[in-house]
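Undergrad:
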Amino acid sequence: MNINVVIVGHVDHGKSTLIGRLLYDSESITEGRVAEIQKLAEEYKRRFEFAYFIDSFDDELKEERTIDTTGVMFKSQKNLYMVTDVPGHKEFIKNMLTGASHADVAVLVVAADEGIKEQTGRHAFLIHMLGIEKLFVVINKMDAVDYSETIFQDTRKKVADLLASFGYDDVTFIPGSAMEGDNIYSPSPNMNWYKGPTLIDTLDSISVEQAENPLRFVVQDTYSVDSENIVVGRVESGTLQKGDEVIFQPSNVQAMVRKIMVYQQELLIANNGDSIGIAIDTEVKRGDVCGHAESSPTAVTDFVGEVVLLDHTLKAGDEVELRYATRWVKCHIKHIREKINSETGEVIEKNPAMIDENEAAVIDFSCDPVVVERFSEIPELGRFVLVRDHNIGAGIVLQKPGS
72 MNINVVIVGH VDHGKSTLIG RLLYDSESIT EGRVAEIQKL AEEYKRRFEF
122 AYFIDSFDDE LKEERTIDTT GVMFKSQKNL YMVTDVPGHK EFIKNMLTGA
172 SHADVAVLVV AADEGIKEQT GRHAFLIHML GIEKLFVVIN KMDAVDYSET
222 IFQDTRKKVA DLLASFGYDD VTFIPGSAME GDNIYSPSPN MNWYKGPTLI
272 DTLDSISVEQ AENPLRFVVQ DTYSVDSENI VVGRVESGTL QKGDEVIFQP
322 SNVQAMVRKI MVYQQELLIA NNGDSIGIAI DTEVKRGDVC GHAESSPTAV
372 TDFVGEVVLL DHTLKAGDEV ELRYATRWVK CHIKHIREKI NSETGEVIEK
422 NPAMIDENEA AVIDFSCDPV VVERFSEIPE LGRFVLVRDH NIGAGIVLQK
472 PGS
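Per our numbering, the very first residue in the sequence shown carries number 72; after that it's consecutive.
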C-alpha cells in the first residue's frame with residue numbers, strides 16, 4: 072500500500088533527523104550517499120546528522136534548517152511511504168500547506184527537552200484545518216533528558232491537551248530518539264518502561280481508503296503541434312479516457328478527447344496525478360478545469376474559505392489576487408466571519424473588522440469566475456494562495472454555492 076506521511080513540528084525538534092533515521096534504518100540510502108554526506112559534514116565542520124540525508128547538500132547544511140518541503144520515499148516490510156518534511160519556521164507556513172495537503176497521516180514531532188513551542192500548536196492547527204484525521208506523536212530527543220519516563224508523561228499530557236482542543240483523541244504517543252534510533256524502527260533498550268509500538272510499527276498498522284472522485288483535469292497551457300490543438304495539464308482527480316466527452320470551465324467549452332499523450336506516446340487512459348497532453352478540436356484557456364458532463368466542474372464567483380494569514384492584514388473590502396491551481400483571479404474580502412487563534416484553533420472573535428499576521432479566519436470571498444472544489448471533497452482543488460505583491464496567505468475552500 073502507498074501511504075503519504077507528513078512530518079510536522081517546531082523548528083529543531085528533529086523532523087528531518089527523524090526522516091533520515093527512517094531512510095537509514097529501512098536501508099533506503101546507499102553507502103555512497105552516506106559517505107558523501109559524512110564528507111560534507113566534515114567540510115562544514117558539523118556533527119554528522121541523519122537530517123542531512125534529506126536536506127540540501129549546500130545551503131541547508133550551512134544553515135542547518137529545512138527551508139522548503141522535502142519529499143522522500145522508503146519502503147517498510149508492509150507499505151511504501153512518501154514522506155514530506157515541512158519547515159518549522161513560521162515564514163514557511165505556506166510551504167507546509169502545499170506539503171501537507173496530500174497527506175494520509177501526520178506525525179507531530181515534539182522535543183522532550185523543550186516541549187510545546189509556537190510551531191507545535193500552529194502545525195497541529197494546520198493539520199486539523201487540512202482534514203488529516205490520522206495523527207501520531209513522537210516525543211523526540213529522549214536521549215537529551217536521560218530517557219526520563221516522568222518527562223515523557225508530563226510532555227505527553229500537555230500535548231494531548233493541545234490536540235484534544237482540535238478534536239484529536241486516543242492519539243498514539245511514542246517516546247523516541249531519532250538521532251540514536253530509539254523506538255523509531257527498533258524498540259529502545261533505554262526505555263524498558265515503554266511497552267508500546269515503534270514508529271514504523273504504528274505507521275504499518277494504518278489502512279488508507281482511496282476515494283473515488285470525479286474527473287478534474289487542470290489546464291496548464293495549450294500548443295499547436297502538427298496542426299493539432301494540444302492541451303497540456305494534470306489530472307488532479309478521477310480518470311480520463313480517449314474518446315471521453317468533457318466540458319471545460321469557466322470557458323464553458325465542450326470537447327471530445329481524440330488523443331491522450333505523454334512523452335510522445337499515446338495512452339488510452341490517464342489517472343489521478345498524471346501530467347499529460349490531450350488533443351481536442353476546440354480552444355481552451357490556462358486555468359480551465361475539465362470534467363465529464365455528468366459530474367462537470369462548476370465555475371463560481373463566491374465561496375467560503377478558511378485562511379491562515381502569513382503577512383500584512385486583511386479586512387472586509389480588501390482586494391487580493393487568488394492563486395488557485397493554474398489560475399489567477401481578482402478576489403474581494405466580502406466578510407470575515409470568525410477570527411481564529413492559529414496556535415490553539417480557538418475562535419477569538421466573531422465578525423471581526425480585520426485579521427492580523429499569523430491569525431486565521433473564516434472568510435466570505437467574491438471573485439472573478441473560477442472553478443473551486445470543497446477541500447473535504449476534492450482536496451487537490453480545494454486549496455488556494457492569496458497574493459498582494461507577494462504571498463500573504465493560504466487557505467482551503469470550506470463551502471461553495473450549492474454545496
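For glycine and all other residues, C-beta sits at the position ideal for the given N, C-alpha and C. Treat the numbers as computed from the prediction; the structure is a model and nothing was measured.
State the DSSP-derived secondary structure class of D96, mapped to helix, strand or coil.
TA: In this structure, D96 counts as helix in the three-state DSSP scheme.
Undergrad: Quick check on E337: buried or exposed, where buried means 16 or more other Cβ atoms within 10 Å of its Cβ?
TA: It counts as exposed.
Undergrad: Classify N211: buried if its beta carbon has 16 or more other beta carbons within 10 angstroms, exposed otherwise.
TA: By the neighbour-count rule (16 or more Cβ atoms within 10 Å), N211 is buried.
Undergrad: Note down the Cα distance separating L457 from V303, rounded to an integer number of angstroms.
TA: Straight-line Cα distance between these residues: approximately 25 angstroms.
Undergrad: Per DSSP, what kind of secondary structure is T372 in: helix, strand or coil?
TA: Strand, per DSSP.
Undergrad: Helix, strand or coil for K86? Go by DSSP, reduced to three states.
TA: Helix.
Undergrad: Starting from I255, trace the alpha helix (DSSP H) both ways and give me its first and last residue.
TA: Neither: I255 is in no alpha helix (DSSP H) and is coded neither H nor E.
Undergrad: Based on the DSSP output, what are the partners of Y395 in its beta bridges?
TA: Paired residues: R398.
Undergrad: In the region 226–299, which residue ranges form an unbroken beta strand (DSSP E) of at least 3 residues, counting only runs that do not cross its ends?
TA: Runs found: 243–246, 287–296.
Undergrad: Quick one: what's got a C-beta closer than 6 angstroms to V378's C-beta in the same chain, skipping five residues either side?
TA: Closer than 6 angstroms at the Cβ level, and outside the excluded window around V378, lie A432, I434, G464, G466.
Undergrad: Would you mind sorting Q312 into buried or exposed? The rule is 16 or more other CB atoms within 10 Å of its CB.
TA: By the neighbour-count rule (16 or more Cβ atoms within 10 Å), Q312 is not buried but exposed.
Undergrad: In whole angstroms, give me the CA-to-CA distance for A174 and D275.
TA: So the two alpha carbons sit approximately 15 angstroms from each other.
Undergrad: Just to confirm my understanding: we take G416, look at its own chain, exclude 5 residues before and 5 after, and list those with CB closer than 7 angstroms. What are they?
TA: Excluding positions up to five away in sequence, the list reads F196, H199, S236, F237.
Undergrad: Put F436 into one of helix, strand or coil per three-state DSSP.
TA: Three-state DSSP puts F436 in a strand.
Undergrad: So what does DSSP say about S346, is it helix, strand or coil?
TA: It is a strand residue.
Undergrad: Exposed or buried, which one is H406 when buried takes at least 16 other CB atoms within 10 Å?
TA: With fewer than 16 Cβ atoms within 10 Å of its Cβ, H406 is classed as exposed.
Undergrad: Suppose you measure from the CA of L380 to the CA of S308; what does that come to, to the nearest Å?
TA: Going by the C-alpha atoms only, they are around 28 angstroms apart.
Undergrad: For a test of the three-state rule: what should DSSP assign to M327, helix, strand or coil?
TA: Three-state DSSP puts M327 in a strand.
Undergrad: What would DSSP say about V355, mapped onto helix, strand or coil?
TA: Three-state DSSP puts V355 in coil, outside helix and strand.
Undergrad: Are L286 and Y239 close, meaning C-beta to C-beta below 7 angstroms?
TA: Not a contact, by the Cβ cut-off of 7 angstroms.
Undergrad: Starting from A182 and walking both ways along the beta strand (DSSP E), at which residues does that stretch end?
TA: Unbroken beta strand (DSSP E) run through A182: 176–182.
Undergrad: Assign F163 to one of three DSSP states: helix, strand, or coil.
TA: Confidence at F163 is low in this model, with a pLDDT of 46, below 50, so its placement is unreliable and no value can be given for it.
Undergrad: Between Y152 and the rest of its own chain, which residues show a CB-CB distance below 6 angstroms, the 5 nearest in sequence each way excluded?
TA: Excluding residues within five positions, the ones whose Cβ falls inside 6 angstroms are I74, V76, F145.
Undergrad: Thinking C-beta only, is V180 closer than 7 angstroms to K86?
TA: For K86 and V180, yes; Cβs fall inside 7 angstroms.
Undergrad: So the alpha helix (DSSP H) L452 belongs to, where does it begin and stop?
TA: It is not in any alpha helix (DSSP H) - L452 carries neither H nor E in the DSSP assignment.
Undergrad: Please go through the same chain and pick out, in chain order, the residues whose beta-carbon is closer than 8 angstroms to the beta-carbon of K436, but skip the five residues on each side of it.
TA: The sequence shown places Phe at residue 436, not Lys. Once the five neighbours on either side are set aside, the close Cβ partners of F436 are D373, F374, V375, G376, L393, C402, H403, I404, K405.
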